[in-house]
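Working notes, structure below.
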Amino acid sequence: MEKTSFMKRLITRLVLLLFVLAILLPVSWVVLMSFQPTNDVVVPSLKNLTLKNYDEIIFGKPLKRPREIKKTVTITLSDGTVTTTRKVVKVITRKPSTFMRAFWTSVKIATLTVIITLFVASMTAYGFSRYTFPGKFLFYFYYMVSQMFPAMVGMIALYVVFVKLGLTSAKPFLGMPKVHWALVIAYTGFNLPFAVWNLRAFMDAIPRELDEAAMVDGASPWTIYWKIIVPLSLPGLAVTGLFAFMGAWLEYVMALILISSNTLATLPLWMYNLLYVGSYGLNITKFAAASVLVAVPVTVVFLAFQKYLLSGLLKGSVKG
Amino acid sequence: MAKKDYKTAYFFVSPGMLLIFFLSFLPLVFSLVIAFTNLEKQVIGDFVREGFKVIRFVGFDNFRWIIKNDGVILFKTLQWNIVWTFINVFFHVSLGITLAIMLNNKWMSTVEKTIWRFILILPWAIPAFVTILVWRAMFYENGFINAILTYIGIHPIPWMTSPFWARIAVLIINIWLGVPFMMIIALGALQSIPAELYEAASVDGATPWQKIRYITVPLVLRVMMPSILLGIIWTFNKFDVIWLFNKGGPVVSVTVGGKVYSYGATNLLITYMYNYFYNQHAWNIAAALGYVVFFVLLALSLINMKLQKWAEE
Numbered sequence: 213m214e215k216t217s218f219m220k221r222l223i224t225r226l227v228l229l230l231f232v233l234a235i236l237l238p239v240s241w242v243v244l245m246s247f248q249p250t251n252d253v254v255v256p257s258l259k260n261l262t263l264k265n266y267d268e269i270i271f272g273k274p275l276k277r278p279r280e281i282k283k284t285v286t287i288t289l290s291d292g293t294v295t296t297t298r299k300v301v302k303v304i305t306r307k308p309s310t311f312m313r314a315f316w317t318s319v320k321i322a323t324l325t326v327i328i329t330l331f332v333a334s335m336t337a338y339g340f341s342r343y344t345f346p347g348k349f350l351f352y353f354y355y356m357v358s359q360m361f362p363a364m365v366g367m368i369a370l371y372v373v374f375v376k377l378g379l380t381s382a383k384p385f386l387g388m389p390k391v392h393w394a395l396v397i398a399y400t401g402f403n404l405p406f407a408v409w410n411l412r413a414f415m416d417a418i419p420r421e422l423d424e425a426a427m428v429d430g431a432s433p434w435t436i437y438w439k440i441i442v443p444l445s446l447p448g449l450a451v452t453g454l455f456a457f458m459g460a461w462l463e464y465v466m467a468l469i470l471i472s473s474n475t476l477a478t479l480p481l482w483m484y485n486l487l488y489v490g491s492y493g494l495n496i497t498k499f500a501a502a503s504v505l506v507a508v509p510v511t512v513v514f515l516a517f518q519k520y521l522l523s524g525l526l527k528g529s530v531k532g
Numbered sequence: 002m003a004k005k006d007y008k009t010a011y012f013f014v015s016p017g018m019l020l021i022f023f024l025s026f027l028p029l030v031f032s033l034v035i036a037f038t039n040l041e042k043q044v045i046g047d048f049v050r051e052g053f054k055v056i057r058f059v060g061f062d063n064f065r066w067i068i069k070n071d072g073v074i075l076f077k078t079l080q081w082n083i084v085w086t087f088i089n090v091f092f093h094v095s096l097g098i099t100l101a102i103m104l105n106n107k108w109m110s111t112v113e114k115t116i117w118r119f120i121l122i123l124p125w126a127i128p129a130f131v132t133i134l135v136w137r138a139m140f141y142e143n144g145f146i147n148a149i150l151t152y153i154g155i156h157p158i159p160w161m162t163s164p165f166w167a168r169i170a171v172l173i174i175n176i177w178l179g180v181p182f183m184m185i186i187a188l189g190a191l192q193s194i195p196a197e198l199y200e201a202a203s204v205d206g207a208t209p210w211q212k213i214r215y216i217t218v219p220l221v222l223r224v225m226m227p228s229i230l231l232g233i234i235w236t237f238n239k240f241d242v243i244w245l246f247n248k249g250g251p252v253v254s255v256t257v258g259g260k261v262y263s264y265g266a267t268n269l270l271i272t273y274m275y276n277y278f279y280n281q282h283a284w285n286i287a288a289a290l291g292y293v294v295f296f297v298l299l300a301l302s303l304i305n306m307k308l309q310k311w312a313e314e
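And the structure:
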């Protein structure tokens with residue numbers, strides 16, 4: 213093996229550095245913008261960095277005049293007379309944080325989607341991995357064809373049905389507005405085919421001898437599924453769950469169609485409105501702070517899981 | 002051997018299969034039905050109040066309407082859609098392979114490689130929803146990029162209002178987003194090339210450049226083919242970059258046969274269709290367009306499959 217010349221190494225590193233700069237340009241811009249004190253900044257400076265934007269979107273904007281909440285309290289004096297007075301029970305210094313409301317809405321929707329998707333998909337994938345039955349090929353065929361459809365085609369019909377069923381209303385059902393349930397239902401539908409496909413590949417890799425040994429010991433199919441297959445496919449479940457979570461966490465196309473009120477907004481709608489309503493500079497630093505808050509956790513998890521994510525993705529696309 | 006206990010099998014697969022049937026398969030069929038009905042803006046109110054009985058079948062009227070009213074726009078949009086897909090996939094694959102070859106060397110330490118790789122896959126790891134909106138904010142006409150251009154003595158560019166520059170902007174964003182995925186695929190492909198090939202080439206006196214040109218690139222491309230096909234489908238239907246950047250705008254007009262047609266310069270078929278659904282509430286037209294997109298895609302994939310087979314022979 214000949215030695216690589218100094219020049220060649222230098223050029224390689226310089227070219228790589230060029231790419232890295234192009235990648236870091238928007239990333240560093242948005243991080244710096246999130247620490248700027250005023251909205252009229254275009255080129256962020258390193259002076260006067262502040263945490264104000266984060267503080268405001270997480271805890272709410274400070275009110276100009278704090279509002280006092282008073283309550284009528286009945287006091288019994290020592291001589292037995294009863295008087296009532298107004299007493300300050302709480303001082304509100306900030307507006308409620310709309311960011312946090314949207315954040316919890318999205319957490320709820322994404323978590324429910326992941327739980328339902330994983331439970332149903334793991335059962336189905338187990339059936340596909342361990343049994344043969346008439347109609348099995350239909351799913352494979354459907355999966356391949358459905359890949360070709362733009363997701364929006366199905367959304368139109370789902371929306372029409374949701375409108376008819378009254379699932380676009382804000383009325384609560386089981387502690388959550390109906391329209392949020394509609395999103396959970398829609399996202400589960402989007403995620404399921406891939407989740408089944410992906411989990412089946414993981415379960416196929418678990419040796420069948422384990423099931424057979426358990427069967428000999430008298431274990432029922434459910435026990436085999438719940439006590440052997442599910443624990444052994446935990447990495448697969450984690451990856452599939454992550455895909456489902458990311459599919460629901462920042463989904464905005466369906467949410468945009470279904471949700472019109474700001475109080476019901478999910479996280480992506482909240483950010484979208486921040487940037488699309490009003491002109492440049494109106495909310496840019498707040499938007500930057502929200503971007504950082506939303507992107508950092510997902511990015512960290514993604515980087516940690518990237519090897520597995522990729523293997524699942526390729527299994528799904530190459531096979532068949 | 003897979004077991005043949007149908008009852009147990011159906012017990013396990015039926016919840017998932019039923020959900021997929023109702024939430025994934027049926028909506029696709031129902032959308033096809035909607036494409037043949039009168040479910041447009043004026044009918045929607047009645048539909049909400051009175052239900053399915055107000056819906057009437059109109060045969061191929063919606064498709065005819067699209068060809069007659071929007072034929073020119075559809076053609077222009079499809080044209081840009083193909084250019085968009087070609088330019089994107091070309092840069093994704095070529096830059097991806099270039100980066101992979103540079104990273105796949107023998108002289109760099111593992112730590113250094115990991116650091117480079119870590120930064121290079123960031124555009125893939127950060128949620129695209131966030132990065133596209135960030136790019137949009139940077140491309141504002143009085144935003145960061147124009148401020149930098151002014152600083153180095155170039156005139157500010159109307160990224161949002163000029164059709165040409167808006168197209169350049171969305172291309173820049175999507176190339177930025179798509180390179181890391183192809184780089185990772187290419188890295189995997191590089192590792193599958195046997196070292197003996199290079200040794201044999203060295204014995205025959207091949208230069209490093211010849212090795213890349215005649216061994217690395219053809220072999221890597223062959224391994225990458227399924228991912229490239231996938232990339233073509235994804236890019237063809239890339240909704241988020243176009244919609245989040247400028248909702249398919251700015252509007253341009255073209256005069257054909259004395260009639261003026263206005264359409265969004267960056268619109269792809271998919272955003273064009275969404276516009277009918279979201280802004281104009283023409284659900285029937287949107288559904289019909291959705292199936293047009295599907296058949297275009299199906300045709301492209303079939304052609305691609307034929308080409309691939311032909312290339313292999």
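Sequence order for the protein chains is A and B.
First residue of the first sequence: 213, per our numbering; consecutive thereafter.
First residue of the second sequence: 2, per our numbering; consecutive thereafter.
Ideal Cβ positions, reconstructed from N, Cα and C, are used throughout, including at glycine.
These numbers were taken from a predicted model, which means no experiment stands behind them.
Using a C-beta cutoff of 9 Å, does residue 25(B) count as contacting chain A? At least one chain A Cβ lies under 9 Å of residue 25(B).
Give a yes or no on whether the C-beta atoms belonging to residue 510(A) and residue 116(B) are separated by under 9 Å. No, Cβ-Cβ distance for residue 510(A) and residue 116(B) is not below 9 Å.
Name the DSSP beta bridge partners of residue 280(A), please? Within the DSSP secondary-structure output, residue 280(A) pairs in a beta bridge with 303(A).
On the three-pair Cβ rule with 8 Å, is the segment 452-464 of chain A touching the segment 401-409 of chain A? By the Cβ rule, the segment 452-464 of chain A counts as touching the segment 401-409 of chain A, because three or more pairs are nearer than 8 Å.
If you check the beta carbons only, do residue 29(B) and residue 361(A) fall under 9 Å apart? Yes. Within cutoff.
Assuming residue 397(A) contacts residue 24(B) under a Cβ cut-off of 8 Å, what Cβ separation, rounded to an integer in Å, is found between them? Taking a contact as a CB-CB distance under 8 Å, the pair residue 397(A) and residue 24(B) counts as one, their CB atoms being some 7 Å apart.
Excluding the five sequence neighbours on either side, which residues of its own chain have a C-beta within less than 6 Å of the C-beta of residue 370(A), listed in chain order? Cβ within range, chain order: 398.
Interface residues of chain B facing residue 369(A) [CB-CB closer than 7 Å]: Counting only Cβ-Cβ distances below 7 Å, residue 369(A) has contacts in chain B at 28, 31, 32 and 35, in chain order.
Over what stretch of residues does the beta strand (DSSP E) that includes residue 253(B) continue unbroken? That run of the beta strand (DSSP E) goes 252-257.
Going by C-alpha to C-alpha distance, which of 386(A), 391(A), 444(A) and 428(A) sits closest to residue 411(A)? Residue 411(A) has its Cα closest to that of 444(A), out of 386(A), 391(A), 444(A) and 428(A).
Can you check whether the C-beta of residue 62(B) is within less than 9 Å of a C-beta belonging to chain A? Not a single CB atom of chain A sits nearer than 9 Å to the CB of residue 62(B).
Are the C-beta of residue 482(A) and some C-beta of chain B separated by less than 9 Å? Closer than 9 Å: no.
Check distances from the C-beta atoms of the segment 8-20 of chain B to those of chain A and list, in chain order, the residues that come in under 7 Å. Cβ contacts with chain A: 9, 10, 11, 13, 14, 16, 17, 18 and 20.
Burial state of residue 298(A), where buried means 16 or more other Cβ atoms lie within 10 Å: Exposed, by the Cβ-count rule.
State yes or no: is the beta carbon of residue 171(B) nearer than 9 Å to at least one beta carbon in chain A? Judged by the 9 Å Cβ criterion, residue 171(B) is not in contact with chain A.
Between which residues of its own chain and residue 528(A) is the CB-CB distance below 8 Å, once the five residues before and five after are set aside? Bear in mind that a pLDDT of 44 at residue 528(A), under 50, signals an unreliable position, so the number given afterwards is only what the model happens to contain. Taking C-beta separations shorter than 8 Å and ignoring five residues to either side along the sequence, the partners of residue 528(A) in its chain run 406, 409, 410 and 413, following chain order.
So the candidates are 136(B), 34(B), 184(B) and 12(B); which of them puts its Cα closest to the Cα of residue 487(A)? Among 136(B), 34(B), 184(B) and 12(B), the Cα nearest to that of residue 487(A) is on 136(B).
Beta-carbon spacing of residue 7(B), residue 343(A) below 9 Å: Yes, they are a contact pair.
For residue 2(B), which residues from the same chain have a beta carbon less than 8 Å from its beta carbon, with the 5 sequence-adjacent residues on both sides left out? Because residue 2(B) carries a pLDDT of 46, less than 50, the predicted location of this residue cannot be relied on, and the following value inherits that uncertainty. The beta carbon of residue 2(B) sits closer than 8 Å to no other beta carbon from its chain once the five residues preceding and following it are set aside.
Contacts that residue 132(B) makes with chain A (C-beta to C-beta distance below 7 Å): What residue 132(B) touches in chain A: 238.
Residues near residue 450(A) in its chain [Cβ-Cβ closer than 6 Å; skip 5 each side]: When the five nearest sequence neighbours on each side are left out, no beta carbon in the same chain lies closer than 6 Å to the beta carbon of residue 450(A).
Who are the Cβ neighbours of residue 97(B) in its own chain at under 6 Å, not counting the five residues just before and after it? Contacts found: 180, 183, 184 and 187.
Can you list, in chain order, the residues of the segment 437-466 of chain A whose Cβ is nearer than 9 Å to any Cβ on chain B? For the segment 437-466 of chain A, the set of positions with a beta-carbon nearer than 9 Å to some beta-carbon of chain B reads 437, 458, 461, 462, 463, 464 and 465 in chain order.
On the premise that residue 380(A) lies in contact with residue 391(A), defined as a C-beta separation below 8 Å, what is that separation, rounded to the nearest angstrom? With a Cβ gap of about 5 Å, residue 391(A) and residue 380(A) count as contacting.
Which word fits residue 386(A), buried or exposed, when buried means at least 16 other C-beta atoms lie within 10 angstroms of its C-beta? Exposed, by the Cβ-count rule.
Measuring alpha carbon to alpha carbon, tell me which residue in 250(B), 301(B), 311(B) and 197(B) is nearest residue 237(B). For residue 237(B), the closest of 250(B), 301(B), 311(B) and 197(B) by C-alpha to C-alpha distance is 301(B).
Please report the straight-line C-alpha distance between residue 37(B) and residue 364(A), rounded to a whole angstrom. The C-alpha of residue 37(B) lies about 17 Å from the C-alpha of residue 364(A).
Beta-ladder partner(s) of residue 294(A), from DSSP: Residue 294(A) is bridged by DSSP to 288(A).
Taking residue 368(A) as the reference, which of 12(B), 277(B), 296(B) and 299(B) has the closest Cα? When each option's Cα is compared against that of residue 368(A), the closest is 277(B).
At what residue ranges does the segment 402-468 of chain A contain a whole run of the alpha helix (DSSP H), taking only runs of 4 or more? Unbroken alpha helix (DSSP H) stretches of 4 residues or longer found wholly inside the segment 402-468 of chain A: 420-428 and 446-461, given in chain order.
Confirm, please, whether the CB-CB distance from residue 238(A) to residue 139(B) is below 9 Å. It is a contact, given that the beta carbons lie within the stated cut-off.
Going by alpha carbons, who is nearest to residue 35(B) out of 43(B), 219(B) and 58(B)? Closest by alpha carbon: 58(B).
Considering only residues of the segment 227-274 of chain A, which uninterrupted alpha helix (DSSP H) runs meet the minimum length of 4 residues and lie entirely inside it, listed in chain order? Entirely contained in the segment 227-274 of chain A, the alpha helix (DSSP H) runs reaching 4 residues are, in chain order, 264-271.
Exposed or buried, residue 248(A), counting other C-beta atoms within 10 Å across all chains shown (16 or more means buried)? With 16 or more other Cβ atoms within 10 Å, it is buried.
What's the gap between the Cα of residue 51(B) and the Cα of residue 43(B)? Rounded to whole angstroms, residue 51(B) to residue 43(B) spans 13 Å at the Cα level.
Give a yes or no on contact between the segment 255-271 of chain B and the segment 228-246 of chain B, applying the rule of three or more CB pairs nearer than 8 Å. Taking one beta carbon from each stretch, the segment 255-271 of chain B and the segment 228-246 of chain B have 3 or more pairs nearer than 8 Å; the two touch.
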